[in-house]
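Taking it in order: structure first as structure tokens, then the write-up.
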Amino acid sequence: MAKKETSGSKSVITKTSMQFLKNYHNNPSPVGFEYSGQKIWLEYLKQYVDTTFVDPYGTAVGVINPKAPFKVVIEAHADEISWFVNYITAEGLLYLKRNGGVDHQIAPGQRVFIHGKKGMVKGVFGWPAIHTRLGNPDVKDPQPKVDNLFLDTGARTRKEVEDLGIHIGSVVTYQDGFDELAHDYYIARAFDNRIGGFMIAEVARLLKENKKTLPYGLYVVNAVQEEIGLRGAEMIARRIKPDIAIITDVTHDTYTPMVNKMIEGDVACGKGPSLAYGPAVHNKLLNLVQDVAEKKKIPVQLRTVSRSTGTDTDSFAYANDGCPSVLISIPLRYMHTTVEMLHKSDIEQTIQLMYETLLTLTPKTNLSYL
Ligand SMILES: [Zn+2]
10 MAKKETSGSK SVITKTSMQF LKNYHNNPSP VGFEYSGQKI WLEYLKQYVD TTFVDPYGTA
70 VGVINPKAPF KVVIEAHADE ISWFVNYITA EGLLYLKRNG GVDHQIAPGQ RVFIHGKKGM
130 VKGVFGWPAI HTRLGNPDVK DPQPKVDNLF LDTGARTRKE VEDLGIHIGS VVTYQDGFDE
190 LAHDYYIARA FDNRIGGFMI AEVARLLKEN KKTLPYGLYV VNAVQEEIGL RGAEMIARRI
250 KPDIAIITDV THDTYTPMVN KMIEGDVACG KGPSLAYGPA VHNKLLNLVQ DVAEKKKIPV
310 QLRTVSRSTG TDTDSFAYAN DGCPSVLISI PLRYMHTTVE MLHKSDIEQT IQLMYETLLT
370 LTPKTNLSYL
């Protein structure tokens, strides 16, 4: 067993798992091209599960008790929002398409990696200088939009771009990585939702290290392609056909400026995992999770979703003949920017809530509505 970190009275995250968290988040995992991230994830997870497999589009799964007929899933998504190279100008600049809900407003001035045939190439989002923008009274101050954002790699012709191995369809990710701020806050790009992949792996680690046996098969699922429509979860839900699914993803901390609590609800970093009410969320399973939280003194924050959760919960709930599903979210600031921010205590409490919920579930858990 790895040595526990000294900070915090009941730290779940160890030195080894912290190293995994950093490596996993510093590695790019763009939507549709998640392989290298999945490799890092499986490499860490495999010591804590009985077997692993990968589906045709790259969703990675670790299984405990693979022969058990009753199946429970804990799930996160592995993909990271990114860009696609869409057009290369004669002068060697690159125009892009979104690959997932990447935010055009934060792009100017950012450093990127372009994933080409010859490996990663460095580039930047260029932007006209404030002097040249304001110096021309006939032109309104331009706002960044997908059709005016461009990348500069240093190449000055299309041929020079192609010589770098860059092609139409190369994916582009930001360079920013993991860092720590004061008061136990962490930042990284794509905490959405690789922190979920980290947390479900930690749940598997705790089960193994605490020598817990489960009366069912546990499928630890890191799904691809969530950011473009919950697609990886859709595929893997059909393959596994689970009886119960516990999904984890990020949700908005609503205490930052320009967010309306009347619309977005009341959720803050550092106050524990957030549980969502919504038609796709199974009420009895949600009650069970709330009871576990109360019994184990894990604070939770409530919110509601409307027609859909907008997470892989929908894919699992509505898969096959219907699968009781619940969403346990971790509060996060600045979603889909390069400085997504979350609090260490929320990571630990979300892990604990999933872990304790799994210890409570059995194939006989009554989830029937009537
Ligand atoms: Zn997202």
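The sequence shown begins at 10 in my numbering and counts up by one.
Virtual Cβ for every residue (Gly too), placed ideally from N, Cα, C.
Run the CB neighbour count on residue i, radius 10 Å, all protein chains shown included, and call it buried at 16 or more, exposed below.
{"i": "M271", "result": "exposed"}
{"i": "K80", "result": "buried"}
{"i": "K353", "result": "buried"}
{"i": "H86", "result": "buried"}
{"i": "A302", "result": "buried"}
{"i": "T142", "result": "Here residue 142 turns out to be Arg, not Thr, going by the sequence shown. R142 is exposed by the Cβ-count criterion."}
{"i": "Q361", "result": "buried"}
{"i": "E380", "result": "Summary: the structure shown does not reach residue 380, with the chain confined to residues 10 through 379, and so no result is reported for it."}
{"i": "R240", "result": "buried"}
{"i": "L367", "result": "buried"}
{"i": "Y33", "result": "buried"}
{"i": "H291", "result": "buried"}
{"i": "Y364", "result": "buried"}
{"i": "Q234", "result": "buried"}
{"i": "I245", "result": "buried"}
{"i": "D147", "result": "exposed"}
{"i": "I49", "result": "buried"}
{"i": "R203", "result": "buried"}
{"i": "I307", "result": "buried"}
{"i": "S315", "result": "exposed"}
{"i": "T260", "result": "buried"}
{"i": "P39", "result": "buried"}
{"i": "P37", "result": "buried"}
{"i": "G132", "result": "buried"}
{"i": "G238", "result": "exposed"}
{"i": "G17", "result": "In this predicted model, G17 has a pLDDT of only 40, less than 50, meaning its place in the structure is not dependable; the value taken from the coordinates is given anyway. Its Cβ having fewer than 16 others within 10 Å, G17 is exposed."}
{"i": "E43", "result": "buried"}
Less than 8 Å between the CB atoms is what I'm expecting for residue i and residue j, so what's the real figure, rounded?
{"i": "E189", "j": "D88", "result": "That belief does not hold up - the Cβ atoms of E189 and D88 are roughly 24 Å apart, past 8 Å."}
{"i": "L54", "j": "T60", "result": "Actually they do not touch by this definition, with Cβ atoms about 11 Å apart."}
{"i": "S334", "j": "I256", "result": "6 Å"}
{"i": "L227", "j": "I337", "result": "No, L227 and I337 are not in contact; Cβ-Cβ is about 15 Å, not under 8 Å."}
{"i": "T347", "j": "I115", "result": "7 Å"}
{"i": "E84", "j": "D201", "result": "Not quite, the Cβ-Cβ distance comes to about 14 Å (not below 8 Å), so this is no contact."}
{"i": "E243", "j": "I22", "result": "No, E243 and I22 are not in contact; Cβ-Cβ is about 31 Å, not under 8 Å."}
{"i": "S91", "j": "T162", "result": "The pair is not a contact, with the Cβ atoms about 16 Å apart (cut-off 8 Å)."}
{"i": "K31", "j": "F134", "result": "No, K31 and F134 are not in contact; Cβ-Cβ is about 25 Å, not under 8 Å."}
What are the start and end residues of the alpha helix (DSSP H) that includes residue i?
{"i": "L158", "result": "That residue, L158, is in no alpha helix (DSSP H); it is neither H nor E in DSSP."}
{"i": "L105", "result": "Segment L103 to N108 is the beta strand (DSSP E) holding L105; no alpha helix (DSSP H) there."}
{"i": "I360", "result": "K353 to T369"}
{"i": "K7", "result": "Any property of residue 7 remains undetermined from this structure, which presents the chain solely from 10 to 379."}
{"i": "A246", "result": "R240 to I249"}
{"i": "T141", "result": "I139 to L143"}
{"i": "A213", "result": "F200 to E218"}
{"i": "V170", "result": "R167 to D172"}
{"i": "I49", "result": "Y44 to L54"}
{"i": "T25", "result": "K24 to N35"}
{"i": "S324", "result": "D321 to A326"}
{"i": "K270", "result": "K270 to E273"}
Using 8 Å as the threshold, is the C-beta distance between residue i and residue j below it?
{"i": "F122", "j": "Q47", "result": "no"}
{"i": "T313", "j": "G287", "result": "yes"}
{"i": "G41", "j": "N108", "result": "yes"}
{"i": "L284", "j": "L297", "result": "no"}
{"i": "D258", "j": "T320", "result": "yes"}
{"i": "A164", "j": "G71", "result": "no"}
{"i": "R214", "j": "Y57", "result": "yes"}
{"i": "Q310", "j": "V276", "result": "yes"}
{"i": "V230", "j": "T359", "result": "no"}
{"i": "K293", "j": "Y195", "result": "no"}
{"i": "L160", "j": "L103", "result": "yes"}
{"i": "P151", "j": "P372", "result": "no"}
{"i": "K76", "j": "F93", "result": "no"}
{"i": "G279", "j": "D330", "result": "no"}
{"i": "F325", "j": "V63", "result": "no"}
Between residue i and ligand 3, is the CB less than 7 Å from at least one heavy atom?
{"i": "H345", "result": "Ligands displayed in this structure: ligand 1; ligand 3 is not among them."}
Go to residue i, then tell me how far its beta strand (DSSP E) extends in each direction, as first and last residue.
{"i": "D258", "result": "I253 to H261"}
{"i": "N95", "result": "S91 to I97"}
{"i": "N231", "result": "G226 to A232"}
{"i": "M344", "result": "Counting along the chain, M344 falls outside any beta strand (DSSP E), and DSSP gives it neither H nor E."}
{"i": "M267", "result": "Run containing M267: none; DSSP gives neither H nor E here."}
{"i": "Y183", "result": "V180 to Y183"}
{"i": "G132", "result": "G128 to G135"}
{"i": "L284", "result": "S283 to Y286"}
Would residue i pass as an interface residue toward chain C - the criterion being a Cβ-Cβ separation below 8 Å?
{"i": "Q114", "result": "This model lacks chain C altogether, as it is built from one protein chain only."}
query: Are at least three pairs of beta-carbons, each pair with one atom in the segment 154-169 and one in the segment 204-211, less than 8 Å apart?
result: no
- Would you call the segment 168-182 and the segment 97-106 touching, i.e. three or more CB-CB distances under 8 Å? yes
message = Would the segment 240-254 count as touching the segment 339-352 if we require 3 or more Cβ pairs under 8 Å?
response = no
(Q) Counting beta carbon pairs with one atom in the segment 123-137 and one in the segment 161-176, are three or more of them shorter than 8 Å? (A) yes
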